[in-house]
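One structure below.
2 protein chains.
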Amino acid sequence: MRAEPQSFDRVLSSMCTEPHEAAREAAERFLATNPGDPATYPAIADMEGEVVDALGQIASLSDPHGFVASGGTEGNIQAVRAARECSTARNPNVVAPETVHFSVRKAADVLDVELRTTPVDGDYRADPEAIEAATDENTAAIVAVAGSTEYGRVDPIPALGDVATDAGAMLHVDAAWGGFVLPFTDYEWDFDVAAVDTLAMDPHKLGQAAIPAGGFLAREQATVDALAVETPYLESATQATLTGTRSGAGVASAMAAIEALWPEGYRETYERQQELADWLAEELAALGLDVVEPSLPLVTANLDPTLFDALREAGWRVSRTATGELRVVCMPHVTRELLEAFLDDVRALRPRAAVAADD
Amino acid sequence: MRAEPQSFDRVLSSMCTEPHEAAREAAERFLATNPGDPATYPAIADMEGEVVDALGQIASLSDPHGFVASGGTEGNIQAVRAARECSTARNPNVVAPETVHFSVRKAADVLDVELRTTPVDGDYRADPEAIEAATDENTAAIVAVAGSTEYGRVDPIPALGDVATDAGAMLHVDAAWGGFVLPFTDYEWDFDVAAVDTLAMDPHKLGQAAIPAGGFLAREQATVDALAVETPYLESATQATLTGTRSGAGVASAMAAIEALWPEGYRETYERQQELADWLAEELAALGLDVVEPSLPLVTANLDPTLFDALREAGWRVSRTATGELRVVCMPHVTRELLEAFLDDVRALRPRAAVAADD
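If you're matching them up, the sequences are chains A and B in order. Using this note's numbering, the letters of the first sequence correspond one by one to residues 8 to 366. Using this note's numbering, the letters of the second sequence correspond one by one to residues 8 to 366.
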């Protein structure tokens, strides 16, 4: 095999990153394990329970239920699926702000559930009144975002919890990206401060574990039980995950990363990356760009499409929001030096892009 | 982290195994890659296309479409989902032999599709007449098994393809476990000899790749397109996989294993493991057990439940069929020496178990 993996030295578009050294080591050591078959692979199955406990601690849930998922998409699918199963509605629906991750649309499609999206407020956050207006007696769940993919915004989770409670619906929080930095902010996002039923938070994103390591947490065991199917020939009774054979490398890697980094390592990472994001936002604004003030380590700014293309041609892995804005995710591999080189290229390519656009 | 992974020296219950050395090396090298985001991780995304081409070659499909899935469960879910999407029936159903893997039941549950299971023939294989009798105008797919989990049986795929064609339904073949040994047998199982629409075959099982590496193949691009959802902020148009962020380690590992082993390495492995399975079946029969003659490297035999428990207590990772039979999967890590030690323990523990059962 001649191919080489990409390096991270120009990656500004990913919500994943280089795993922590301890996480990489654990992934390699547990490569040939499958927590989906606990009777054959008991060590990694036990460790999965420990990861769920640790995730519960981070999300302020003292007696957590759940599992290590393949990622945020599975977390969101399983949350909607559990809500569908627990609902008595014949045609259950799910209500979410329009800023919800596209995996929730995928979940609705897969599960054949109606998804109702609502406009956000002037700061890209869910509007509880709009959410409430969209709910009805068939609403099985409200999905809120704690760290949105495009703007890094945190929805007003406690208010959405109240709306969900009044509607008799479950509240799912998608903290797939934000979960490992939110504990160090003033945002209200977790099981302790709101009527959250389920929550997705991914060790393989800001948790600095190796892919695949997502986290699915539930306040009640009954929610997980709603997902369970019977499992002959596994010497275990049921399986609540969407996938069958699963990556023990992901589980071990999540455990190793959390052991190495929670809480102080994650706090330091958050503070460093947030400072970088704030600085980048100022620098881009100084260049005359229309910048969305970052609330988490993610910067979004209006950028000429020709300049965007020129940056990609220059090797920068950048991506766009649905409306075409530049999106820079300040993951742990992103350094001041990296962003300075990026800004140099923005400055250097800007005139040329402007000329090309005039052609 | 003090925990250690299990060793494989007493594992007879798993359809996974130690990855091939080249597969392990590739998994470690591509640990921090995500083929789910091709604009950021182009090398691994390109490699995924090469893996699909290689899987197509193994399954006799010259222009294959599909992707590397998280495993056989995703392959089966996506096959049923594609059939549901392509069906014009209001309440589509899926017909499968009762020997189908439990992930097809999970798929039906997740996708809210009716699953109709039919009795098998005297040799644990799908009965085309029973399958045909269960189909109607709402049948979206027939699911066949090429290497069943409990008995290693191969359904009569060409006949089932005819039934599917007549019913206007898709035919999905679950070769998740069998796909990497069937090319060396006389069984008719692949795209070339039957009207197969989709097929699951997992590099992370007999393909000797690292977990997670499943394979989902489709004859037509339209089948994959039926699964696609739009993907903002990924600089790629759509995503047909069930999961979002995905393991590049699995993809690279699959490629490395196939490069190292296809076809001669897989052929040698098949011949060695089949010979072992045949020998084990004879030895168990000589001990008076009621043995199901192996058709692939998997041996099933009636065993006293007390003896089964005693073997598990002695450290053997064995598992049971739904009706309680002992099931031994002769994966590549299973050697003659390992099976001799197992048989020694069967002989040694048998009298004691018999006594305990009489208590």
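Every residue, glycine too, gets a C-beta built ideally from N, C-alpha and C.
Cβ of residue i less than 8 Å from any chain B Cβ?
{"i": "Ile265 of chain A", "result": "no"}
{"i": "Asn98 of chain A", "result": "no"}
{"i": "Arg123 of chain A", "result": "no"}
{"i": "Val117 of chain A", "result": "yes"}
{"i": "Gly295 of chain A", "result": "no"}
{"i": "Tyr273 of chain A", "result": "no"}
{"i": "Glu347 of chain A", "result": "no"}
{"i": "Thr205 of chain A", "result": "no"}
{"i": "His72 of chain A", "result": "no"}
{"i": "Gln281 of chain A", "result": "no"}
{"i": "Leu241 of chain A", "result": "yes"}
{"i": "Gln13 of chain A", "result": "yes"}
{"i": "Glu157 of chain A", "result": "yes"}
{"i": "Arg327 of chain A", "result": "yes"}
8 Å is my cut-off, CB to CB: does residue i come that close to chain A?
{"i": "Gly331 of chain B", "result": "no"}
{"i": "Tyr131 of chain B", "result": "no"}
{"i": "Asn145 of chain B", "result": "no"}
{"i": "Glu25 of chain B", "result": "yes"}
{"i": "Asn41 of chain B", "result": "yes"}
{"i": "Phe367 of chain B", "result": "Since the first and last residues shown for chain B are 8 and 366, residue 367 of chain B lies out of range."}
{"i": "Ala89 of chain B", "result": "no"}
{"i": "Glu237 of chain B", "result": "yes"}
{"i": "Leu310 of chain B", "result": "no"}
{"i": "Ala66 of chain B", "result": "no"}
{"i": "Glu55 of chain B", "result": "no"}
{"i": "Gly154 of chain B", "result": "no"}
{"i": "Ser21 of chain B", "result": "yes"}
Could you name the residues of the same chain whose beta carbon sits closer than 6 Å to that of residue i, not counting the 5 residues immediately before and after it, in chain order?
{"i": "Val18 of chain B", "result": "Arg324"}
{"i": "Val200 of chain A", "result": "Pro165"}
{"i": "Gly214 of chain B", "result": "Phe187 and Ala264"}
{"i": "Phe15 of chain B", "result": "Glu25 and His340"}
Take residue i and list the residues in its own chain whose beta-carbon comes closer than 8 Å to its own, dropping the five residues that flank it on each side.
{"i": "Glu92 of chain B", "result": "Ala233 and Leu234"}
{"i": "Pro135 of chain A", "result": "Pro163, Ala166, Leu167, Asp169 and Val170"}
{"i": "Glu139 of chain B", "result": "Val170, Asp173 and Ala174"}
{"i": "His70 of chain B", "result": "Note on residue identity: the sequence assigns Asp, not His, to residue 70 of chain B. So the qualifying residues of the chain are Gly63."}
{"i": "Ala115 of chain B", "result": "Val87, Val101, Glu121 and Leu122"}
Do the CB positions of residue i and residue j come within less than 8 Å of each other?
{"i": "Pro301 of chain A", "j": "Gln13 of chain B", "result": "no"}
{"i": "Asn98 of chain B", "j": "Ile218 of chain A", "result": "no"}
{"i": "Leu333 of chain A", "j": "Ala308 of chain A", "result": "yes"}
{"i": "Val102 of chain B", "j": "Thr80 of chain B", "result": "no"}
{"i": "Ala321 of chain A", "j": "Asp352 of chain A", "result": "yes"}
{"i": "Gly185 of chain A", "j": "Leu303 of chain A", "result": "yes"}
{"i": "Arg123 of chain B", "j": "Ala141 of chain B", "result": "yes"}
{"i": "Asp204 of chain A", "j": "Leu178 of chain A", "result": "yes"}
{"i": "Val236 of chain B", "j": "Gln246 of chain B", "result": "yes"}
{"i": "Leu68 of chain B", "j": "Phe198 of chain B", "result": "yes"}
{"i": "Ala33 of chain B", "j": "Met338 of chain A", "result": "no"}
{"i": "His72 of chain B", "j": "Ala225 of chain B", "result": "yes"}
{"i": "His211 of chain A", "j": "Gly78 of chain A", "result": "yes"}
{"i": "Ala61 of chain A", "j": "Trp269 of chain A", "result": "yes"}
{"i": "Ser155 of chain A", "j": "Tyr194 of chain A", "result": "no"}
Going along the chain, which residues of its own chain have a beta-carbon closer than 7 Å to the beta-carbon of residue i, five neighbours each way excluded?
{"i": "Arg274 of chain B", "result": "Phe191"}
{"i": "Ala241 of chain A", "result": "This sequence places Leu at residue 241 of chain A; Ala is not what is there. Only Asp44 and Ala46 meet the Cβ criterion."}
{"i": "Arg357 of chain B", "result": "Leu314"}
{"i": "Arg88 of chain A", "result": "Leu118 and Leu234"}
{"i": "Ala30 of chain A", "result": "Gln215, Ala216, Ala217, Ser260, Ala263 and Ala264"}
{"i": "Gly326 of chain B", "result": "It should be pointed out that residue 326 of chain B corresponds to Ser in this sequence rather than to Gly. Cβ within range, chain order: Ser20 and Arg334."}
So, under 8 Å CB-CB, residue i and residue j are touching, yes? Tell me the CB distance rounded to an integer number of Å.
{"i": "Trp196 of chain A", "j": "Val231 of chain A", "result": "The Cβ separation is near 21 Å, so there is no contact."}
{"i": "Phe223 of chain A", "j": "Gly82 of chain A", "result": "4 Å"}
{"i": "Leu249 of chain B", "j": "Ile84 of chain B", "result": "6 Å"}
{"i": "Glu157 of chain B", "j": "Thr106 of chain B", "result": "6 Å"}
{"i": "Ser21 of chain A", "j": "Val299 of chain A", "result": "That pair is no contact at about 19 Å."}
{"i": "Phe37 of chain B", "j": "Gly251 of chain B", "result": "No, Phe37 of chain B and Gly251 of chain B are not in contact; Cβ-Cβ is about 18 Å, not under 8 Å."}
{"i": "Leu374 of chain B", "j": "Val306 of chain B", "result": "This structure does not reach residue 374 of chain B, given that chain B is present from 8 up to 366, and the question cannot be answered."}
{"i": "Val180 of chain B", "j": "Ala153 of chain B", "result": "5 Å"}
{"i": "Ala86 of chain B", "j": "Pro104 of chain B", "result": "Contact flag wrong, Cβ pair sits at about 15 Å."}
{"i": "Glu54 of chain B", "j": "Ala10 of chain A", "result": "Here residue 54 of chain B turns out to be Met, not Glu, going by the sequence shown. With a Cβ gap of about 6 Å, Met54 of chain B and Ala10 of chain A count as contacting."}
{"i": "Glu35 of chain B", "j": "Glu35 of chain A", "result": "5 Å"}
Would you call the segment 312-324 of chain A and the segment 277-296 of chain A touching, i.e. three or more CB-CB distances under 8 Å?
no
Within 8 Å, do at least three Cβ pairs link the segment 136-153 of chain B to the segment 165-182 of chain B?
yes
task = Would you check if the segment 19-33 of chain A and the segment 253-263 of chain A touch, i.e. whether three or more CB-CB distances between them fall below 8 Å?
result = yes
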